[in-house]
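Take a look at the structure below.
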Amino acid sequence: MEWRCEWCGKPHEENDPPCDNCGHGTYERAVQPVGPTRSADGEVHGGSVWVCQDCGRQHQRNSPPCRRCGSANFERERVADTDPMADISTSWRDVLEPKYVAGYAAVAVLLGVVLLSVFGVVTLPGFGGEAAAGPPEIPAAPGSADTADGLSLSATEDAYLDALNERRTSEGAGALTRNATADDAAAYYNKAIVAARAGDGSGPEQNAFERFGLACERPNIVAYQVAYDRTGRSVSDFDSEAALAASLVDSYVERGNRFRAAEAGTVGVDIHVAPDGSVFVTYVVC
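When you read off a place in the sequence shown, starting at 1, and then add 25, the result is the number in my numbering.
Rendered as structure tokens:
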């Protein structure tokens, strides 16, 4: 497979998002890792690494910028055909030296305290887990979250759900009911994607949905982008929120996508118009 989903890692034959596993709207090229291999006799044979020519940091693949200095100047270098463990000669006597034993004991105590805090036996300052941290903050994304070309995006979201339910019921799937918590989760995911596309963020956190307290542990996430400018159209071509919403639902279905959650449930919807006029849509189903 040449492409994989940036969010869940599922491989795909073509760069044709959204992902049919998680609904994420961006793929990345699947890169085969190149590194040392070990033969049957235990000998390590060299592979390749990518070395930043400005600071010298080694990287496992050619994926600039450099994590240390931000440079994009990488060059491939061979790894020597030697076993990296060959020069290590620690004996049991070294391991049992008092300084090592003291270190092991300190680590064991620390791990014990952390485990006790996880189970609520003790409380550590600043240690409360994801649930205690609460839901992540919805990022500020460039473009419009309220109105676009005189159309209310809030009203468009309501009309989108009506059009979506009409499509779902026509295909034998259950109707969805809008939920405020799911709305927040959809808004977080959608706006994090818009911000990342604009270079203002790294996209949604992978474990963020665990912190929203949704009605299900594994929500279905559908996220996609409609670039009207590619067809010579824009949001201003629609005379009502219902017309825009119907076009957005049609765009999703006409790509050959099917509804993964057939049962009735709750849903959150977010629609955001980017500065270039592209419309980003995310809905989260439980």
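From the three backbone atoms N, C-alpha and C, an ideal C-beta is built for every residue, glycine too.
Close Cβ partners of residue i (< 8 Å) along its chain, the five nearest in sequence each way excluded
i, result
"residue 315", "The first residue shown for the chain is 26 and the last is 311, placing residue 315 beyond what the model contains."
"residue 202", "289, 290, 291, 292"
"residue 159", "236"
"residue 113", "Below a pLDDT of 50, predicted positions are generally treated as unreliable, and residue 113, at 49, falls in that range; no measurement from the model is reported."
"residue 100", "75, 76, 78"
"residue 227", "221"
"residue 256", "none"
6 Å CB neighbourhood of residue i in its chain, flanking five on each side removed
i, result
"residue 170", "297"
"residue 311", "239, 240, 241, 244, 290, 291"
"residue 189", "274"
"residue 246", "47, 48, 309"
"residue 270", "181, 184, 185, 188"
"residue 64", "With a pLDDT of 46 at residue 64, under the threshold of 50, the predicted position of this residue should be treated as unreliable, and no value is reported."
"residue 250", "50, 303, 305"
"residue 156", "Low local confidence applies: a pLDDT of 47 at residue 156 is under 50, so the model's placement there is unreliable, with the coordinate-based value given in what follows. Result list for residue 156: empty, nothing under 6 Å."
Whole-number beta carbon distance between residue j and residue i, since they are thought to touch under 8 Å
i, j, result
"residue 167", "residue 223", "5 Å"
"residue 295", "residue 212", "4 Å"
"residue 49", "residue 248", "6 Å"
"residue 267", "residue 184", "4 Å"
"residue 284", "residue 198", "5 Å"
Beta-carbon proximity check, residue i vs residue j, cutoff 7 Å
i, j, result
"residue 307", "residue 214", "yes"
"residue 309", "residue 207", "yes"
"residue 82", "residue 93", "yes"
"residue 102", "residue 134", "no"
"residue 260", "residue 174", "yes"
"residue 164", "residue 127", "no"
"residue 225", "residue 302", "no"
Sheet register partners of residue i (DSSP bridge)
i, result
"residue 84", "75"
"residue 296", "306"
"residue 99", "77"
"residue 36", "29"
"residue 169", "298"
"residue 288", "DSSP lists no partner for residue 288."
"residue 54", "28"
Cβ shell of residue i (< 7 Å), same chain only, five flanking positions each side left out
i, result
"residue 1", "The structure shown does not extend to residue 1, since the chain spans only 26 to 311, so no value can be given for it."
"residue 200", "190, 193, 194, 289"
"residue 161", "213, 230, 233, 236"
"residue 54", "27, 28"
"residue 98", "77, 78, 79"
"residue 172", "178"
"residue 278", "192"
"residue 40", "28, 52"
"residue 35", "29, 44, 46"
"residue 276", "251"
"residue 217", "164, 226, 228, 229"
Any non-hydrogen atom of the ligand NAP closer than 6 Å to residue i Cβ
i, result
"residue 216", "Here there are no bound small molecules, and the ligand NAP is not part of this structure."
- Task: Kindly provide the ranges of any alpha helix (DSSP H) runs that are 4 or more residues long and lie completely inside the segment 242–284, ordered along the chain.
- Result: Listed in chain order, they are 266–278.
- Item | Unbroken stretches of the beta strand (DSSP E), 3 residues or longer, contained in the segment 173–205 | Within the segment 173–205, the complete beta strand (DSSP E) runs of at least 3 residues are 201–203.
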